[in-house]
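The opening position of the sequence shown corresponds to residue 351 in the working numbering, with each subsequent residue numbered one higher.
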Amino acid sequence: MNKDAESKKVPKLRFKEFSGEWVEKKLGDVSAFSKGKGISKNDISENGIECIRYGELYTKYSETINEIHSKTNLRIDDLVLSKSGDIIIPASGETAIDIATASCVMKDNVALSGDINIIRTLQNGVYLSYYLNNSKKYEIARLSQGISVIHLYSSQLKTLKINLPTLPEQQKIADCLSTWDDSIENLKSLVENKKLYKKGMMQKLFSQEVRFKDDDGSDYPEWVEKNVTSIAKTSIGLVTTMTTSYVEDGVYLIRNSDIKPNKINIKKLINLDFAFDEKNKTRRLQKNDVVTVHTGDIGVSAVISSKLDGAQGFATLNTRIKNTNEISPDYLCWYYNSEKNIKYAKAMSTGDGRSNYNLKDFNKAIIPVPCLAEQTKIANFLSALDDEIELLEQELEQLQLQKKGLMQGMFV
């Protein structure tokens, strides 16, 4: 920690070659402001001038913009073009906190759409982008106006007070955080590639394009197709009003929103009182039951673990396998979560607005059944991929938290 940190104009974390207090300025004193122009969704094309639409600032870009995702064929005379180092902030949005999002464009001549505030400065644009997104995000949010649609005007941004180190220190901070972001982006890409690989392997495994072999190298028997009701007892969870039975400590209640692919989100489970559960004891879920989403993320399924043995399900579609020597709960769950089965579930769902996957349609599902040994290999292979993805996502979360901690210490 920097020894000068007691001074409000000195960061807690600082590169040793820098000293002295940062200087307070208004953003309007060190910047020129303008606004983007035009470029609707219909103006996006495969070729033409690279462009950024304001909505993309929420979904596609972070503090630095090196690669541009969109192009437009609009006449160059009708466009507002960037200069490398420009900082852009949405001029309108749905919430005040979302609108307080700064990005630094690292390329010249990128067309910037309407509803984008453009900040052009001789300060380091990357530094300012990180600084505004971290130390000043809530102050920027408070500057915005509106109720149903939030607006942020340059006249408001000009009044924002900011703290500036020297340009060399700005560059050092920008380089440090950019390196951190590169690691984060690389890990995000790795996670995404792993997910795509898993998706591809699921398609190949359940279509039998890829088959496992027995340990002695011989082929496994041919698969057979069976109706789900021939291999399992199916049911639907509780559909009665039960809010008065919610308690702090009791029997777990699994709702449709708690079911994720191959896992239950235990952290958000509600508890039911024991008396209510006892009245509905015949509806209790058992270990190795498979629960499926009836409404919401239709078809998504998870296996009931030992921890959830005895839980109740609220309007969940439940599958209890008759003979686990014939079909594995883990294999069945992986098949339920396959693209083929999810497509079937969505196609069979009914209702206006929020669709429902009804039990009678659920019961029509046809399950491809390999021998138990091949089922086990399929489930183990896919579960191992899931474990790898989970570890990478945990590593990504740690990097993001570390970056957040760095920014909190490096800025005043």
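The beta-carbon is built from N, C-alpha and C at its ideal position, and this holds for glycine as well.
- Of the residues assessed, Arg403 falls on the buried side of the cut-off, its CB having 16 or more other CB atoms within 10 angstroms.
- Distance between Met698 and Asp711, taken at the CA atoms: about 6 Å.
- Per DSSP, Cys401 lies in no alpha helix (DSSP H) segment; the continuous beta strand (DSSP E) that holds it begins and ends at Ile399 to Ile402.
- When Cβ pairs closer than 8 Å are counted between the two stretches, the segment 417-428 is seen not to touch the segment 368-382, the count staying below three.
- Residue environment: Glu519 is assigned as buried (16 or more neighbouring CB atoms within 10 Å of its CB, all protein chains considered).
- Taking 9 Å as the cut-off, the Cβ atoms of Asp599 and Leu635 do not count as close.
- By the Cβ neighbour-count rule, Gln662 is buried, with 16 or more other Cβ atoms within 10 Å of its own.
- Listed in chain order, the non-local C-beta contacts of Lys610 below 7 Å within the same chain comprise Val650 and Ala652, local neighbours out to five positions each way being set aside.
- Cys721 has its alpha-carbon roughly 15 Å from the corresponding atom of Asp566.
- The beta carbons of Val430 and Gly475 sit no closer together than 9 Å.
- Ranked by Cα distance from Ile468, the first of Ile438, Leu482, Ile449 and Pro718 is Ile438.
- When DSSP assignments are scanned along the segment 528-576, no uninterrupted stretch of beta strand (DSSP E) that is 3 or more residues long falls wholly within it.
- C-alpha of Thr445 to C-alpha of Ile500: approximately 6 Å in a straight line.
- Relative to the Cα of Lys727, the nearest Cα in the group Arg561, Lys554 and Arg425 belongs to Arg561.
- Contact between Phe664 and Gly587 holds, since their C-beta atoms are separated by about 5 Å, short of 8 Å.
- For Asn691, the enclosing alpha helix (DSSP H) stretches over residues Glu689 to Met698.
- Lys376 is bridged by DSSP to Lys511.
- By the Cβ-count criterion, Pro361 is buried, with 16 or more other Cβ atoms from all chains shown falling within 10 Å of its own Cβ.
- When rounded, the separation of the alpha-carbon atoms in Asn615 and Tyr685 is 20 Å.
- For Ile389 against Cys401, the beta-carbon gap comes to about 5 Å, under 8 Å, which counts as contact.
- In this structure, the straight-line span from the alpha carbon of Val541 to that of His644 is close to 29 Å.
- At least 9 Å separates the beta-carbon of Thr584 from that of Asn706.
- Rounded to whole angstroms, Ala734 and Leu546 show a C-alpha spacing of 15 Å.
- When DSSP states are grouped into helix, strand and coil, Ala723 belongs to the helix group.
- Measuring C-alpha to C-alpha distances from Thr666 to each of Pro679, Gly646, Tyr681 and Glu676 identifies Gly646 as the nearest.
- When the five nearest sequence neighbours on each side are left out, the beta carbons in the same chain lying within less than 7 Å of the beta carbon of Asp393 are those of Thr422 and Leu424, in order along the chain.
- Sequence-distant partners of Phe556 (beyond 5 residues in either direction) whose C-beta falls short of 7 Å from its own C-beta, in its chain, are Tyr685, Ser688, Lys690 and Pro718.
- In terms of Cα proximity to Thr471, the closest of Leu462, Ser434, Asp465 and Ile490 is Ser434.
- Exclusion of the five residues before and after Leu746 leaves Ile534, Leu537, Lys538 and Val541 as the residues of its chain whose Cβ lies within less than 8 Å of its Cβ.
- Under DSSP, Ser395 takes part in a beta bridge, and its partners are Lys421.
- In the structure shown, the three-state DSSP call for Asn484 is helix.
- Ile426 counts as exposed, since fewer than 16 other beta carbons sit within 10 angstroms of its beta carbon.
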